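**Q** The numbering of the sequence shown is the numbering used here, which starts it at 155 and goes up by one. Ideal Cβ positions, reconstructed from N, Cα and C, are used throughout, including at glycine. Predicted model, so just to flag it, every value in this text is computed and none were measured. Pasting a structure below so you can have a look.
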Amino acid sequence: MSETFTSAEIFNSAIPHPVTEDFPVAADVALPAFSVVGLAATGLSLALATLAYAPGSRASGRLVFSGVGTADDTITIGATLY
């Protein structure tokens, strides 16, 4: 099953930031530690992020930044601005 996410709904952190609301997880869904997740397109449950250009494939790999970021910096990955 392929889900559609927006960049504002993607979460990942080694030390989770405090959240003010709970996010349900659909039955029989395992979320391994450090997974990139987002809100499912069919509701407000968490789901593993997938690659937009390969529906159904799980995102993998890592980003390496070569500089030191500053407040309000943005990065562009493909056609998506973060």
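May I ask which residues mark the beginning and end of the beta strand (DSSP E) holding VAL191?
**A** Within the sequence shown, the letter at position 37 stands for residue 191. Here the beta strand (DSSP E) through VAL191 covers 191-193.
**Q** State the Cα-Cα distance for the pair LEU202 and VAL183, rounded to the nearest angstrom.
**A** Residue mapping note: residue 202 aligns to position 48 of the sequence shown, counting from 1. Residue mapping note: residue 183 aligns to position 29 of the sequence shown, counting from 1. Computed Cα separation, rounded: 9 angstroms.
**Q** Return helix, strand or coil for ILE229, following the three-state DSSP convention.
**A** Taking the sequence shown and counting its residues from 1, one reaches residue 229 at position 75. Reduced to three states, the DSSP call for ILE229 is coil.
**Q** In whole angstroms, give me the CA-to-CA distance for ASP226 and ASP176.
**A** Along the sequence shown, one-based indexing puts residue 226 at 72. Along the sequence shown, one-based indexing puts residue 176 at 22. Distance between the alpha carbons of ASP226 and ASP176 is about 27 angstroms.
**Q** Helix, strand or coil for LEU198? Go by DSSP, reduced to three states.
**A** Residue mapping note: residue 198 aligns to position 44 of the sequence shown, counting from 1. Three-state DSSP puts LEU198 in coil, outside helix and strand.
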